[in-house]
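Visitor: First the structure, which I've put down as structure tokens, then a few questions once you've had a look.
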Amino acid sequence: MPQFQAGAKQRTGLHEAYEREVRQHQPAHPPTGGQPEEGQASGVPPVLQRLWGLNGNAYGRAFRDLAWEDKILAMSRQLGIGAQFGGKYFCHDVRVIRLPRHGASCPVGVGVSCSADRQVLGKITGEGVFMEALERNPGQYLPEVTEDKLSSDVVKVDLNRPMAQVLAQLSSFPIRTRLSLSGTLVVARDIAHAKLQERLAAGQGLPQYAKDHIIYYAGPAKTPEGYASGSFGPTTAGRMDSYVDQFMAAGGSMVTLAKGNRSKAVTTACKKHKGFYLGSIGGPAAILAQNCIKKVEVLEYPELGMEAVWRIEVEDFPAFIVVDDKGNDFFQAWQT
1 MPQFQAGAKQ
11 RTGLHEAYER
21 EVRQHQPAHP
31 PTGGQPEEGQ
41 ASGVPPVLQR
51 LWGLNGNAYG
61 RAFRDLAWED
71 KILAMSRQLG
81 IGAQFGGKYF
91 CHDVRVIRLP
101 RHGASCPVGV
111 GVSCSADRQV
121 LGKITGEGVF
131 MEALERNPGQ
141 YLPEVTEDKL
151 SSDVVKVDLN
161 RPMAQVLAQL
171 SSFPIRTRLS
181 LSGTLVVARD
191 IAHAKLQERL
201 AAGQGLPQYA
211 KDHIIYYAGP
221 AKTPEGYASG
231 SFGPTTAGRM
241 DSYVDQFMAA
251 GGSMVTLAKG
261 NRSKAVTTAC
271 KKHKGFYLGS
281 IGGPAAILAQ
291 NCIKKVEVLE
301 YPELGMEAVW
311 RIEVEDFPAF
321 IVVDDKGNDF
331 FQAWQT
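Start counting the sequence shown at 1; every next residue gets the next number (the UniProt record's numbering).
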């Protein structure tokens, strides 16, 4: 480990805060010694959330490795692995903290924090219950997008027609085309896809509903009283990429609907089998449920809960052509 001069008093206070945070994650009576990987794992949450001023000292206190932070940030933007281009646009920061270790081991802990952190702090004291105050108007930080910045032409697509007719209509429009979908969608996500793949592997083929309808990657939240559905927005498409070619080859999943970019394998499969990938809007799941989803019913695998296969009726459901049957990919311009 490099040698560091002892920090100022404020730095020492930061290190002590780090050690207090780590101790909170340890058992009340930890065993003597302990494994280095246990200590490393306990240090990940506080480092992710707030302890960023660590500068180390000659006695082995934790320190930030600024050089490796820059390297890993650059790597995350070049790998191209994962949704949203593998970090090219949405990985904004990296923290690398080094802790003292035995010379014969080097445990590595990795923690991933989304932009919302998906956590809120709270405490209960004798004076009451206290919750962290969060931003109530996050939209103020987003660029304004008005209708005039989008394509003025919206293509109406009747889903209650044979799949061949739906495919023929989509084939007549380029990628980026705005669509308004009305009719029946079949909803299936991770576990349902695994179940369908088991059928294929057993020689049973795909069910007819997978061949007759667009497959929407999603799962419903609990339905509030007075509504046809709870929040029902699209999930990330990339997790289902490995199924697309084999499902299309079996005559199913000819049109899929989800959010985010997809791998080259999906573009290749769509060109090979004359299929499509449609993208919808990630985020406004409650608005989609309120305005566009008119009926929801379980179609198969009810024991899977929200991961079951569902049949839903939609009206003016917004979507865009992202990957077409000619091998064009809307996101290609941002991936190169």
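All C-beta atoms in this analysis are idealised placements derived from N, C-alpha and C, irrespective of residue type, glycine included.
Apart from the five residues just before and just after threonine 267, which ones in its own chain have a Cβ nearer than 7 Å to its Cβ?
Guide: Val323, Gly327 and Asp329
Visitor: Which full runs of the alpha helix (DSSP H) of 4+ residues lie inside the region 218-306, going along the chain?
Guide: 241-249, 264-273 and 285-291
Visitor: For the alpha helix (DSSP H) that leucine 66 lies in, which residues bound it at each end?
Guide: 66-78
Visitor: Ignore the nearest five residues each way along the sequence and tell me which others in aspartate 245's own chain have a CB closer than 7 Å to its CB.
Guide: Ala265 and Ala269
Visitor: Excluding the 5 residues flanking leucine 170 on each side, which residues of the same chain have their C-beta closer than 6 Å to its C-beta?
Guide: Cβ within range, chain order: Phe276.
Visitor: Buried or exposed: where does asparagine 261 fall if 16 or more other Cβ atoms within 10 Å of its Cβ makes it buried?
Guide: buried
Visitor: Answer with buried or exposed for leucine 142, where buried requires no fewer than 16 other C-beta atoms within 10 angstroms of its C-beta.
Guide: Exposed is the call here.
Visitor: Report the CB separation of serine 253 from alanine 210 in whole angstroms; it is logged as a contact under 8 Å.
Guide: In this structure, serine 253 and alanine 210 form a Cβ contact; the two beta carbons are roughly 6 Å apart against a cut-off of 8 Å.
Visitor: Alpha carbon to alpha carbon, how far is alanine 58 from serine 280?
Guide: 54 Å
Visitor: Within 10 Å of its beta-carbon, does proline 100 have 16 or more other beta-carbons around it, so buried, or fewer, so exposed?
Guide: exposed
Visitor: Can you tell me whether threonine 177 is buried or exposed, with buried defined as 16 or more other CB within 10 angstroms of its CB?
Guide: buried
Visitor: DSSP three-state label for arginine 199, please.
Guide: Helix at arginine 199.
Visitor: Count the C-beta pairs between the region 218-233 and the region 198-210 that are closer than 8 Å, then say yes if the count reaches three, no if not.
Guide: no
Visitor: Rounded to whole angstroms, how far is the Cβ of tyrosine 217 from the Cβ of alanine 194, which I believe are closer than 8 Å?
Guide: No, tyrosine 217 and alanine 194 are not in contact; Cβ-Cβ is about 13 Å, not under 8 Å.
Visitor: Alanine 41 and glycine 109 look like a contact to me (Cβ under 8 Å); what is the Cβ gap, rounded to whole Å?
Guide: 5 Å
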